[in-house]
Structure formats: C-alpha cells, structure tokens
Amino acid sequence: MRKVCFVLQLLMLLLMLIGEIPPAYAWVATAAFCLLCLLEAVMVLAEHLTGHPADDRRHGT
C-alpha cells in the first residue's frame with residue numbers, strides 16, 4: 000500500500016509540474032496529494048507503533 004501511495008504521489012507531482020492539470024483543478028490535485036502524504040504518514044506511524052510492516056505479505060495484509 001505504501002508503494003502505491005508513493006507512485007501516486009510521484010505521478011501527481013509530475014503532472015502538476017509539467018502543467019497537465021488545469022489551474023482550475025490544481026487545488027483538487029494538491030488536496031489529493033496532501034491526503035496521500037497523510038495516508039502514508041499514518042501507515043508509517045502504525046508500523047512504528049506496532050512493530051509490524053504495513054505491507055507484510057506473509058500475513059496477507
């Protein structure tokens with residue numbers, strides 16, 4: 000899940016930098032980017048607090 004968030008963040012950042020997102024929707028893209036960053040931060044915090052990786056494939060999560 001963290002890898003998916005990271006890839007989506009990079010894609011959105013790239014689209015914003017090259018100007019593919021119209022200025023009228025830039026605030027939506029910025030909000031979505033911030034939400035992805037927040038989601039990743041929550042996953043990192045959960046890993047730190049529980050000691051279990053969020054992408055532990057052995058347990059199917």
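Residues in the sequence shown are numbered from 0 upward in steps of one, following numbering that gives the first Met the number 0.
Glycine residues also receive a C-beta, built at the ideal position from the N, C-alpha and C atoms.
Keep in mind the model is a prediction, meaning the values are calculated, not measured.
Asked	Found
Cutoff 7 Å; reference Cys4; Cβ partners in own chain excluding five residues on either side	Leu35, Leu38 and Glu39
Segment limits, alpha helix (DSSP H) that includes Glu46	Ala25 to Thr49
Same chain, Cβ closer than 8 Å to Gln8, five either side skipped, listed in chain order	Phe32, Leu35, Cys36 and Glu39
Presumed contact (8 Å Cβ cut-off) between Leu12 and Ile20, rounded CB distance	Their Cβ separation, rounded to whole angstroms, is 10 Å, which puts Leu12 and Ile20 out of contact at 8 Å.
Inter-residue Cα distance where the pair is Met0 and Leu10	15 Å
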